[in-house]
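Residue numbers (full-length UniProt numbering): 1 to 401. Glycine residues also receive a C-beta, built at the ideal position from the N, C-alpha and C atoms. Some notes on the structure that comes next.
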Amino acid sequence: MHAWRAPRAFDGHRFLPGGATVLVEGERIVGVEPADFAVPHDCPVTAYDATLLPGLVDAHVHLVSDGSVGALERVGVQDDDAIDAQVARSLAAQAAAGVTTVRDLGDRGYRTLPFRDAPGPATPRVVAAGPPITTPGGHCHYLGGEAATDAELTAAVHERADRGVDLVKVMAGGGFLTPGSDMIGAQFAVEALRLVVVTAHDRGLPVLAHAHSAVAIEVALAAGVDGIEHFTGVTADGAVLSDDLLERTAAAGVVVDPTMGNDPAVLALLPTPPPAVVEIMARVGLDIEAFFAQRYVDVGRMRSHGVRVVPGVDAGAAPTKAHGNAWRAVLDLATAGWPLAEALAAGTSGAADACGLAAETGVLRPGLAADLLVVDGDLAADPTALGRPVEVMVRGVPLSA
Ligand SMILES: [Zn+2]
């Protein structure tokens, strides 16, 4: 047994006024006590003048992709060795930033599954969807998940279940990264998407839908999906999320991931977005600055309407979305007006729960995995401390070990 101690702590739900001494045995937390707790005499203690909290969860990553322009599309023509090398680099970057669990929402060839099943020491836990299901030529078709007819859609779900995925990801609408995909309409009819949902649920798998457009969000809700990624509300007149839509989303219990967490410094360095993105944005009446300003307003409205939100990044999908940006996505919730403790809870216990891991990680509690993050300073007083990891532990193994 060994212990990590800090005078300040957040337990996944709230700040602990007395700090914490977290006792760890093997992969598990075996005790959570105040910072002044007298540990057994044979228990070594590592003390930090810092803040201790559960490791972060990034609810939306693409481990196969390095975040450079066009990277996700290039994955479609890379060999398995190159893909596996990138998955390993992505996981290392995530761990270094204090992320101890990632939910991968789109790989190619199920390459993320071996990393889930045989993780290296201090390597983040992977929850994996495999290749996303999409229409022929549709969003992210290059990842290999095209399906059109009912028979193909059913077969696609069964294939994923047989391969052992944790969930099914489906592209309900078009995406900025796929020129020519439909950014205003939907890729699937409600009946087709409902077939995916029913088939997946029969196999015990939740379904997450990618949806930027207001139409695709409506289709996904009507089809009964469990979660919606992006949830931008793109229409021909700009991005609009009506109060009514937010109310119905909250009532349905659908988990929304607004995929923020962009690095503003990288955003500022980018000369212009890729031409295809500029063209799509212009077509739907959005400019980048107005788009981001509206996102903060909308994420604040999601909270006030009672929508359940998890902060995923879409890490690896773009230069602004580095692997390890989860802390930025958490702070974006705070910027949008969320109390800091609620934002932190969304990125730890809340996201772990949304990944089906409430009994495994996301909280400082005896019995759960020892997934810990130590950040420099007083996190309650200085939220940016979340971006200054001092030490990380995954399943009981410190990153520095
Ligand atoms: Zn994505």
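Distance between beta carbons of residue j and residue i, contact taken as under 8 Å
i      : j      : result
ALA6   : LEU52  : 4 Å
GLU391 : PRO383 : Incorrect: roughly 19 Å between the Cβ atoms, too far for contact.
GLY138 : GLN187 : 5 Å
ASP371 : PRO54  : 6 Å
LEU364 : VAL22  : 6 Å
VAL75  : ILE83  : 6 Å
ALA50  : VAL374 : 5 Å
THR135 : LEU91  : No, THR135 and LEU91 are not in contact; Cβ-Cβ is about 30 Å, not under 8 Å.
HIS305 : GLU247 : 6 Å
Closest by C-alpha distance to residue i, when choosing among the options
i           : options                        : result
residue 420 : ALA223, ALA209, ALA351         : No statement about residue 420 is possible, as the shown extent of the chain runs from 1 to 401 and does not include it.
GLY227      : THR235, ALA354, VAL87          : ALA354
HIS323      : GLY185, HIS60, ALA35, ARG248   : HIS60
VAL157      : ARG74, ALA222, LEU193, ALA239  : LEU193
GLY175      : VAL256, LEU340, ALA318         : ALA318
THR361      : THR100, PRO311, VAL75, ALA282  : THR100
GLY164      : TYR110, GLY180, HIS141, VAL39  : TYR110
PRO258      : THR232, GLU247, PRO34          : THR232
MET183      : VAL77, PRO121, LEU16, GLY238   : GLY238
ALA401      : SER68, GLY120, PHE37           : GLY120
PRO294      : GLY130, ALA315, THR335, LEU270 : A quick correction: the sequence has Gln, not Pro, at residue 294. Ranking the options by Cα distance to GLN294, first place goes to THR335.
THR199      : ALA161, GLY316, SER68          : ALA161
ALA190      : PRO179, ALA222, ALA211, ARG203 : A small fix is needed here, since residue 190 is Val in this sequence, not Ala. For VAL190, the nearest C-alpha among the options comes from ALA222.
ILE133      : ALA148, ALA358, PHE292         : ALA148
ASN325      : LEU286, TRP4, ASP66, ASP378    : ASP66
GLY173      : GLY350, HIS212, LEU105         : HIS212
THR46       : ASP80, SER68, TRP4             : TRP4
ARG301      : ALA20, PHE10, VAL256, ALA268   : VAL256
ILE288      : PRO339, VAL299, ALA359, ALA268 : ALA268
LEU105      : GLY130, SER68, ALA352, ALA118  : GLY130
GLY316      : SER68, ALA216, LEU379, VAL297  : SER68
Cβ pair residue i, residue j closer than 9 Å
i           : j      : result
PRO366      : GLY31  : yes
HIS2        : PRO44  : yes
residue 418 : GLN86  : Examination of residue 418 is not possible in this model, given that the chain is present from 1 through 401 alone.
VAL234      : ALA214 : yes
ALA346      : PRO389 : no
VAL57       : VAL102 : yes
LEU72       : TYR142 : yes
LEU357      : ARG125 : yes
ASP107      : ALA93  : no
ARG116      : ASP166 : yes
GLY19       : PRO40  : no
residue 423 : ALA250 : With the chain represented from 1 up to 401, any question about residue 423 goes unanswered, as that position is not in the structure.
First and last residue of the uninterrupted beta strand (DSSP E) at residue i
i      : result
ASP182 : Where ASP182 is concerned, there is no enclosing beta strand (DSSP E), given that its DSSP letter is neither H nor E.
PRO114 : No beta strand (DSSP E) contains PRO114, which is instead part of the alpha helix (DSSP H) from 113-117.
TRP4   : 2-6
VAL127 : 125-128
ARG365 : Premise fails: ARG365 is in no beta strand (DSSP E) and is neither H nor E.
LEU399 : Per DSSP, LEU399 belongs to no beta strand (DSSP E) and is neither H nor E.
ILE217 : Counting along the chain, ILE217 falls outside any beta strand (DSSP E), though it belongs to the alpha helix (DSSP H) covering 214-223.
ILE29  : 28-33
HIS60  : 56-61
ARG103 : 99-104
ALA47  : 45-47
ILE228 : 227-235
ASP257 : 255-257
GLU73  : First-last for GLU73: 71-75, but that is the alpha helix (DSSP H), not the beta strand (DSSP E).
THR21  : 20-25
LEU373 : 372-375
Start-to-end residues for the alpha helix (DSSP H) that takes in residue i
i      : result
VAL394 : No alpha helix (DSSP H) holds VAL394; the beta strand (DSSP E) holding it covers 389-394.
PRO275 : 275-283
PHE292 : 288-304
HIS158 : 150-163
GLU247 : 243-252
ASP80  : 80-96
THR193 : Rather than Thr, the amino acid found at residue 193 in this sequence is Leu. That run of the alpha helix (DSSP H) goes 190-202.
LEU331 : 326-335
Give a yes or no on contact between the stretch 276-286 and the stretch 321-336, applying the rule of three or more CB pairs nearer than 8 Å. no
Does the structure place the stretch 237-245 close enough to the stretch 255-271 that three or more beta carbon pairs sit under 8 Å? no
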